[in-house]
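Numbering (the working numbering), first residue to last: 7 to 287.
See below for the structure under consideration.
Now the structure itself:
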């Protein structure tokens, strides 16, 4: 299903100062009801098939802790890619925070399965001098849940404002020492999004997945976007078949860092996070 066959979101004038204040302040913002539930339900039918295929392929899924995986996918593996990257709120957030020449570098999904444990508090990659010195954020992660998240399903937890934390004592620039955990616990907010909600965050804001004590998986789609020159495309392999790519609108092509191929190739995951693969909190 595409949005053209469901309900197109209203072309709203989004509040740029509020977007900037949210990303530079708390480090996370959201939009409720961005997509119809039936659109999300279709995505929810597609991801489990991609997950099983990835688990069966060497390097197809990377561990992010006990019973928890990340899978990078090809955009054309899901029916709603074009709807996703042209959603007016996503476009507004990318343009406001990253500039008009922002680049889409990654699409994939996280799956915290039943039995997933608390992750350690972390960033998804080290902060660079652009953030630490120049105080600019040059990348965003968008998340879209495929299920209504409940308290026992291992909700995402984030410590607002910590994208600016000094990482000099962090292991690999990403993992704060245990001595800082009480601060993150005190700041922490658990997110319980519903099908159709979108969030955008700086992946430098300290966060973690929590323990999934339910009997249900919690798949969440991830879209990674960079400002020009941020360099995270080096860890990913965004691919399109020539036939699919040629049908994309030029305004979408302008925002892609990708390979155009005759036949899609298996993705060997480049964005591994060793501290999450080695254990839980």
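Beta carbons: idealized from backbone N, C-alpha and C, even for Gly.
With distances taken Cα to Cα, identify the nearest neighbour of residue 241 among 73, 255, 78. Position 235 of the chain shown holds residue 241. Of the listed residues, the one whose Cα sits closest to residue 241 is 78.
Output the distance between the C-alpha atoms of residue 8 and residue 177, rounded to the nearest integer angstrom. Within the chain shown, residue 8 is the residue found at index 2, counting from 1. Within the chain shown, residue 177 is the residue found at index 171, counting from 1. The pLDDT assigned to residue 8 is 46, lower than 50, so where the model puts this residue is not dependable, and the model offers no usable value.
Three-state secondary structure (DSSP) at residue 96? What you label residue 96 is simply residue 90 of the chain shown in a count that begins at 1. Secondary structure at residue 96: helix, using DSSP grouped into helix, strand and coil.
Bridge-paired residues (DSSP) for residue 253: Mapped onto the chain shown, residue 253 falls at position 247. Partner residues in a beta bridge of residue 253, as assigned by DSSP, do not exist.
Pull up the distance between the alpha-carbon of residue 164 and that of residue 68, whole angstroms please. Locating residue 164 in the chain shown gives position 158, counting from the first residue. Locating residue 68 in the chain shown gives position 62, counting from the first residue. Rounded to whole angstroms, the gap between the alpha carbons of residue 164 and residue 68 is 22 Å.
Nearest-angstrom beta carbon gap, residue 204 and residue 190 [assumed within contact, 8 Å]: Walking along the chain shown from the start, residue 190 turns up at place 184. Walking along the chain shown from the start, residue 204 turns up at place 198. Between residue 190 and residue 204, the beta carbon gap of about 24 Å keeps them out of contact (Cβ cut-off 8 Å).
Determine the closest residue to residue 108 out of 259, 269, 197, with distance taken between C-alpha atoms. On the chain shown, position 102 is the one that residue 108 refers to. Of the listed residues, the one whose Cα sits closest to residue 108 is 259.
Helix, strand or coil at residue 159 [DSSP, three-state]: Here residue 159 refers to the residue found at position 153 when the chain shown is read from its first residue. The three-state reading of DSSP puts residue 159 in strand, counting E and B together.
Residue 255 to residue 40 span [Cα, whole Å]: For the purposes of this step, residue 255 is identified with residue 249 of the chain shown, where counting begins at 1. For the purposes of this step, residue 40 is identified with residue 34 of the chain shown, where counting begins at 1. Those two C-alpha atoms are separated by around 21 Å.
Report buried or exposed for residue 49, applying the criterion of at least 16 other Cβ atoms within 10 angstroms of its Cβ. Stepping through the chain shown from its first residue, residue 49 is reached at position 43. Result: buried.
Identify, in the order they occur along the chain, each residue of the same chain with its Cβ nearer than 7 Å to the Cβ of residue 160, setting aside the five sequence neighbours on each side. For this step, residue 160 is matched to residue 154 along the chain shown. For residue 160, same chain residues with a beta-carbon under 7 Å away, outside a window of 5 residues either side, are 118, 122, 215, 216, 217, 218, 224 in chain order.
Considering only DSSP beta bridges, list what residue 114 is partnered with. Here residue 114 corresponds to residue number 108 of the chain shown, with the count starting at 1. In DSSP, residue 114 forms a bridge with 78, 228.
Selection from 142, 199, 253, 187 that minimises the alpha carbon distance to residue 124: To locate residue 124, count along the chain shown from 1; it is residue 118. Proximity to residue 124 across 142, 199, 253, 187 peaks at 187, based on C-alpha coordinates.
What is the DSSP secondary structure of residue 151, counted as helix, strand or coil? Residue numbering aside, residue 151 sits at position 145 when the chain shown is read from its first letter. Strand.
Can you tell me whether DSSP reads residue 191 as helix, strand or coil? As a working note, residue 191 is residue 185 in the chain shown. In this structure, residue 191 counts as helix in the three-state DSSP scheme.
Taking only three categories from DSSP, how would you classify residue 245? Within the chain shown, residue 245 is the residue found at index 239, counting from 1. Secondary structure at residue 245: strand, using DSSP grouped into helix, strand and coil.
Assuming residue 87 and residue 228 are in contact, meaning their beta carbons sit under 8 Å apart, how far apart are those beta carbons, in whole angstroms? Position 81 of the chain shown, counted from the first residue, corresponds to residue 87. Position 222 of the chain shown, counted from the first residue, corresponds to residue 228. Actually they are not in contact, since the Cβ atoms of residue 87 and residue 228 sit about 13 Å apart, beyond 8 Å.
Indicate whether the contact test is met: 3 or more Cβ pairs, each with one atom in the stretch 131 to 148 and one in the stretch 166 to 176, closer than 8 Å. At 8 Å Cβ cutoff, the stretches touch.
How big is the Cα-Cα spacing for residue 71 and residue 120? Start at 1 with the first residue of the chain shown, and residue 71 comes out as number 65. Start at 1 with the first residue of the chain shown, and residue 120 comes out as number 114. CA-to-CA, the gap between residue 71 and residue 120 works out to about 12 Å.
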